[in-house]
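Chemist: First the structure, which I've put down as structure tokens, then a few questions once you've had a look.
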Amino acid sequence: MQTLAVGCGAGFSGDRVDAAIPVVKTLIARGGPAALMFENLAERTLAHQHLIRRAHPSLGYEPLLEQELRPILADCMQHGIPIIGNFGAANPQGAAQRIVQLAEQLGLPKPRIAVVQGDDLSNAQGRALVKQHLPEGFDDARFVCANAYLGAFEIAQALKEGAQIVVTGRVADPSLLLGPAIAHYQWRATDWDALAGATMAGHLLECGAQVSGGYFADPGKKDVPGLDNVGFPIAEIFPDGSCVVSKADDTGGLVDCRTVKEQLLYEVHDPAAYITPDVVADISQARVEQVGANRVRLHGVKGHPRTATLKVLAYFDGGWLGEGEISYAGPNAEARARLAMDVMQKRMGRHMPLRFDLIGISSILGDDQGRMLTGMPTTRATDVRLRVAAKHAQRAPIDLLLQELTALWTGGPAGGGGVRVAKRQRLSNLACLIPREQIPATVQFV
Amino acid sequence: MAEISLYDIAHARTGDKGNHANISLIAYREEDYPLLVEQVTPEVVSAHFGARHPSAVRRYLLPHLSAMNFVLDNVLDGGVNDSLNLDMHGKSLSFHLLTLNVQRT
Numbered sequence: 000m001q002t003l004a005v006g007c008g009a010g011f012s013g014d015r016v017d018a019a020i021p022v023v024k025t026l027i028a029r030g031g032p033a034a035l036m037f038e039n040l041a042e043r044t045l046a047h048q049h050l051i052r053r054a055h056p057s058l059g060y061e062p063l064l065e066q067e068l069r070p071i072l073a074d075c076m077q078h079g080i081p082i083i084g085n086f087g088a089a090n091p092q093g094a095a096q097r098i099v100q101l102a103e104q105l106g107l108p109k110p111r112i113a114v115v116q117g118d119d120l121s122n123a124q125g126r127a128l129v130k131q132h133l134p135e136g137f138d139d140a141r142f143v144c145a146n147a148y149l150g151a152f153e154i155a156q157a158l159k160e161g162a163q164i165v166v167t168g169r170v171a172d173p174s175l176l177l178g179p180a181i182a183h184y185q186w187r188a189t190d191w192d193a194l195a196g197a198t199m200a201g202h203l204l205e206c207g208a209q210v211s212g213g214y215f216a217d218p219g220k221k222d223v224p225g226l227d228n229v230g231f232p233i234a235e236i237f238p239d240g241s242c243v244v245s246k247a248d249d250t251g252g253l254v255d256c257r258t259v260k261e262q263l264l265y266e267v268h269d270p271a272a273y274i275t276p277d278v279v280a281d282i283s284q285a286r287v288e289q290v291g292a293n294r295v296r297l298h299g300v301k302g303h304p305r306t307a308t309l310k311v312l313a314y315f316d317g318g319w320l321g322e323g324e325i326s327y328a329g330p331n332a333e334a335r336a337r338l339a340m341d342v343m344q345k346r347m348g349r350h351m352p353l354r355f356d357l358i359g360i361s362s363i364l365g366d367d368q369g370r371m372l373t374g375m376p377t378t379r380a381t382d383v384r385l386r387v388a389a390k391h392a393q394r395a396p397i398d399l400l401l402q403e404l405t406a407l408w409t410g411g412p413a414g415g416g417g418v419r420v421a422k423r424q425r426l427s428n429l430a431c432l433i434p435r436e437q438i439p440a441t442v443q444f445v
Numbered sequence: 000m001a002e003i004s005l006y007d008i009a010h011a012r013t014g015d016k017g018n019h020a021n022i023s024l025i026a027y028r029e030e031d032y033p034l035l036v037e038q039v040t041p042e043v044v045s046a047h048f049g050a051r052h053p054s055a056v057r058r059y060l061l062p063h064l065s066a067m068n069f070v071l072d073n074v075l076d077g078g079v080n081d082s083l084n085l086d087m088h089g090k091s092l093s094f095h096l097l098t099l100n101v102q103r104t
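Residue numbers (numbering that gives the first Met the number 0), protein chains in the order written: chain C, 0 to 445; chain H, 0 to 104.
This is the structure we're talking about:
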């Protein structure tokens, strides 16, 4: 049987929309069976799309969907490369309709589009189910949405039934690759080692360039050629679930054992139990080897039976975040920035806890309580930017905070410049596990 | 005995899940891995991230990869949805781990 190659066209919502072009070119040039995956849904992205759909019922899918697919849709359809994406977000049907329109605009025949459904538990029935499993902390008044992480088998079913494009909402990210692998190799739900191997291949690809030189370069230490044109990854999947990761031809970037190891462990906790809806993958004995230029083989992944439950994330209105900044330069700059801190604390500290950062001195490593900054002596730094941040359930106190920060222009220490303020609505979440038989998934062709 | 920085012998990457960070630590050369196993213990890492007050630090070993994976519990001030940190994911923490010094004989 011919080896399946799966390319990745996006690793998050907001990724480069031209990334998939060289990937598709490479898949076509290499020949053989291939698929293209788009991963567009970070944890919060989906909840934001639910809010957008509430305001605009025809939206709620990946905002860059059209820009992502326009450059590659014709090539993929003509060369039999199915596209699998979680770009359906909070409105997979809406995304499917948009793709139909796009195909029309491009003068293409109507693509055969399948939508995977069942992840969205935001309606009354779904909400009741989630509430049962979240007796603590489920606040109806603040509820925004709940989605289950579905697996790969519905994607595989859609592909076996001839889908050219599979649109999903929430599925586990690696399932976007595992789905086409299951369809191609006819794996069963109990082929644990193969499922686990391809799951880790999907894990390697799900963040796009993060396995091919992105999020890796450190000049002089870990150099990456052509980072400005970093190529997105392609994985060849073998019948036993092992894989070789490479990247699009004629691009920058780097695939070596270091990039693969970093991404293999990215967002992993216990390496012996990486849990997805499809399998529990064990990479504790996995090995990687360089098998060619920009080609790394991953093998030795073991699989254990999948869990009886699916993970569900419920999102709630999380109030408001406000933040603002002001800069100080020249002699005694840090002392003036610290005086501005003091002014803000005295005027606003009684309303809400404030986080202070001195950008250029300490802005990342300390905690929200600011114990690190408080304990540091004032330096002779000559370029310091004060940041103030706070959260509140209500918007009005955040507006007041930002007004006070703006007032540092004229009423704060000498020479303050470059005030910027911003606020945004936040979402909080709660996770639970629900027996998988209570969350049936279906495939529907558009 | 020479004191060297982890940055000289290893690389690292951070990921986040909720309020927990994971940081991989990977030796460039296989022969340096035993030194990491011996000296970069969960206790040492917990102290190194003292300013973030981890409630627990777990270490998982991956000897075939010359790598280890640290999971730091509750170091993200509530995580991406709740933290006031500019780096709410804690993505920059990997390079802080690499500032840790170890002894090489």
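The C-beta atom is built at its ideal place from N, Cα and C for all residues, glycine as well.
This one's a predicted model, so the numbers in the text were calculated from it and none came from an experiment.
Note down, in chain order, every chain H residue with its Cβ under 8 Å from the Cβ of Ser427 (chain C).
Modeler: Taking the first residue of the first sequence as position 1, residue 427 (chain C) is located at position 428. Those within 8 Å of Ser427 (chain C) in chain H are Asn80, Asp81.
Chemist: What do you get for Ser82 (chain H), buried or exposed, if any count of 16 or more other CB atoms within 10 angstroms of its CB means buried?
Modeler: On the second sequence, position 83 is the one that residue 82 (chain H) refers to. With 16 or more Cβ atoms within 10 Å of its Cβ, Ser82 (chain H) is classed as buried.
Chemist: Tell me, which residues are paired with Arg57 (chain H) by DSSP?
Modeler: Taking the second sequence and counting its residues from 1, one reaches residue 57 (chain H) at position 58. In DSSP, Arg57 (chain H) forms a bridge with H:Val70.
Chemist: Look up Glu322 (chain C) in the DSSP assignment and give the residues it is bridged to.
Modeler: One-based indexing of the first sequence puts residue 322 (chain C) at position 323. C:Ala388, C:Ala421, per the DSSP bridge assignment.
Chemist: Determine whether the beta carbon atoms of Leu101 (chain C) and Leu68 (chain C) lie at a separation below 9 Å.
Modeler: Within the first sequence, the letter at position 102 stands for residue 101 (chain C). Within the first sequence, the letter at position 69 stands for residue 68 (chain C). Yes, the Cβ-Cβ distance between Leu101 (chain C) and Leu68 (chain C) is below 9 Å.
Chemist: Going along the segment 56–70 of chain H in order, which residues come within less than 7 Å of chain C, judged by CB to CB distance?
Modeler: Residues Tyr59, Leu61, His63, Leu64, Ala66, Asn68, Val70.
Chemist: Rounded to whole angstroms, what's the CA-CA distance from Gly77 (chain H) to His10 (chain H)? Just pull it up for me.
Modeler: The residue you call residue 77 (chain H) lines up with position 78 of the second sequence. The residue you call residue 10 (chain H) lines up with position 11 of the second sequence. Taking the straight line from one Cα to the other gives about 26 Å.
Chemist: Evaluate Pro276 (chain C) with the Cβ neighbour count: other Cβ atoms within 10 Å of its Cβ, from every protein chain shown; 16 or more gives buried, anything less gives exposed.
Modeler: Working through the first sequence from its first residue, we reach residue 276 (chain C) at position 277. Looking at its Cβ environment, which holds 16 or more other Cβ atoms inside 10 Å, Pro276 (chain C) is buried.
Chemist: Between the Cα of Asp72 (chain H) and those of C:Asp269, C:Asp222, C:Gln104, spot the shortest distance and give me the residue it belongs to.
Modeler: Counting from 1 along the second sequence, the entry for residue 72 (chain H) is found at position 73. Of the candidates C:Asp269, C:Asp222, C:Gln104, the one whose C-alpha sits nearest the C-alpha of Asp72 (chain H) is C:Asp269.
Chemist: Counting only the same chain and skipping the five closest in sequence on each side, list residues whose C-beta sits under 7 Å from that of His95 (chain C).
Modeler: Here residue 95 (chain C) corresponds to residue number 96 of the first sequence, with the count starting at 1. The amino acid at residue 95 (chain C) is misidentified as His; the sequence shows Ala. Here the set comprises Ile112, Val114, Val166, Val445.
Chemist: Does DSSP put Thr409 (chain C) in a helix, a strand or coil?
Modeler: Here residue 409 (chain C) corresponds to residue number 410 of the first sequence, with the count starting at 1. Residue state, collapsed to three classes: helix.
Chemist: Beta-carbon within less than 7 Å of Arg51 (chain H)'s beta-carbon, same chain only, minus the 5 sequence neighbours each way: which residues are those?
Modeler: As a first step, residue 51 (chain H) is located in the second sequence; it is residue number 52 there, counting from the start. Taken in chain order, the residues that qualify are Val74.
Chemist: For the segment 265–285 of chain C, which residues have a CB atom closer than 8 Å to at least one CB atom of chain H, in sequence order?
Modeler: The residues in question are Tyr265, Glu266, Val267, His268, Asp269, Pro270, Ala271, Ile282, Ser283, Gln284, Ala285.
Chemist: Could you spell out the range, first to last residue, of the alpha helix (DSSP H) harbouring Thr25 (chain C)?
Modeler: Your numbering for residue 25 (chain C) matches position 26 in the first sequence. Here the alpha helix (DSSP H) through Thr25 (chain C) covers 19–29.
Chemist: With a Cβ-Cβ cutoff of 9 Å, do Ile274 (chain C) and Lys310 (chain C) count as a contact?
Modeler: The residue given as residue 274 (chain C) occupies position 275 in the first sequence. The residue given as residue 310 (chain C) occupies position 311 in the first sequence. Result yes, Cβ atoms of Ile274 (chain C) and Lys310 (chain C) sit closer than 9 Å.
Chemist: If you measure from the beta carbon of Gly196 (chain C) to each beta carbon in chain H, is any gap under 9 Å?
Modeler: What you label residue 196 (chain C) is simply residue 197 of the first sequence in a count that begins at 1. With 9 Å as the cut-off, Gly196 (chain C) does not count as an interface residue toward chain H.
Chemist: Secondary structure at Met0 (chain C), three-state DSSP: helix, strand or coil?
Modeler: Looking up residue 0 (chain C) in the first sequence gives position 1. Coil.
Chemist: Taking the straight line between their C-alpha atoms, what separation do you get for Asp248 (chain C) and Gly212 (chain C)?
Modeler: As a first step, residue 248 (chain C) is located in the first sequence; it is residue number 249 there, counting from the start. As a first step, residue 212 (chain C) is located in the first sequence; it is residue number 213 there, counting from the start. Distance between the alpha carbons of Asp248 (chain C) and Gly212 (chain C) is about 14 Å.
Chemist: Identify the residues that DSSP records as bridge partners of Asn146 (chain C): which are they?
Modeler: What you label residue 146 (chain C) is simply residue 147 of the first sequence in a count that begins at 1. Note: Asn146 (chain C) sits in a beta bridge opposite C:Asp119, C:Leu312.
Chemist: Could you give the DSSP three-state label for Cys206 (chain C): helix, strand or coil?
Modeler: Start at 1 with the first residue of the first sequence, and residue 206 (chain C) comes out as number 207. In the structure shown, Cys206 (chain C) sits in coil (DSSP, three-state: anything other than H, G, I, E or B).
Chemist: Sorted by chain position, which residues of the same chain lie with C-beta nearer than 8 Å to Gly321 (chain C)'s C-beta, five sequence neighbours on each side aside?
Modeler: Residue mapping note: residue 321 (chain C) aligns to position 322 of the first sequence, counting from 1. Closer than 8 Å at Cβ, skipping near neighbours: Ala388, Ala389, Lys390, His391, Ile397, Asp398, Leu400, Leu401, Val420, Ala421, Lys422.
Chemist: Taking the continuous beta strand (DSSP E) assigned at Met36 (chain C), which residues delimit it?
Modeler: For the purposes of this step, residue 36 (chain C) is identified with residue 37 of the first sequence, where counting begins at 1. Element bounds for Met36 (chain C): 33–37.
Chemist: Helix, strand or coil for Leu364 (chain C), going by three-state DSSP, please let me know.
Modeler: Counted from its first residue, the first sequence places residue 364 (chain C) at position 365. Coil, per DSSP.
Chemist: Going along the segment 360–378 of chain C in order, which residues come within less than 8 Å of chain H, judged by CB to CB distance?
Modeler: Cβ contacts with chain H: Ser362, Ile363, Leu364, Gly365, Asp366, Asp367, Arg370, Met371.
Chemist: Residues of the segment 307–326 of chain C in Cβ contact with chain H at a cutoff of 8 Å, in chain order, please.
Modeler: Listed by position, the residues of the segment 307–326 of chain C near chain H (Cβ gap below 8 Å) are Gly317, Leu320, Glu322.
Chemist: To which residues of the same chain is Ala280 (chain C) closer than 7 Å at the C-beta, ignoring the five residues directly before and after it?
Modeler: Stepping through the first sequence from its first residue, residue 280 (chain C) is reached at position 281. Excluding residues within five positions, the ones whose Cβ falls inside 7 Å are Ala195, Thr198, Met199, Tyr273, Val300, Gly302.
Chemist: Looking at the secondary structure, which residues open and close the beta strand (DSSP E) in which Thr441 (chain C) lies?
Modeler: On the first sequence, position 442 is the one that residue 441 (chain C) refers to. Counting along the chain, the beta strand (DSSP E) containing Thr441 (chain C) begins and ends at 441–444.
Chemist: Classify Asp7 (chain H) as buried or exposed, calling it buried when 16 or more other Cβ atoms lie within 10 Å of its own Cβ.
Modeler: Along the second sequence, read from residue 1 onward, the residue named residue 7 (chain H) stands at position 8. By the 10 Å Cβ count, Asp7 (chain H) comes out exposed.
Chemist: Less than 8 Å between C-beta atoms, sequence neighbours within five positions excluded: which residues of the same chain meet that for Phe137 (chain C)?
Modeler: Mapped onto the first sequence, residue 137 (chain C) falls at position 138. So the qualifying residues of the chain are Val129, Lys130, Ala313, Leu429.
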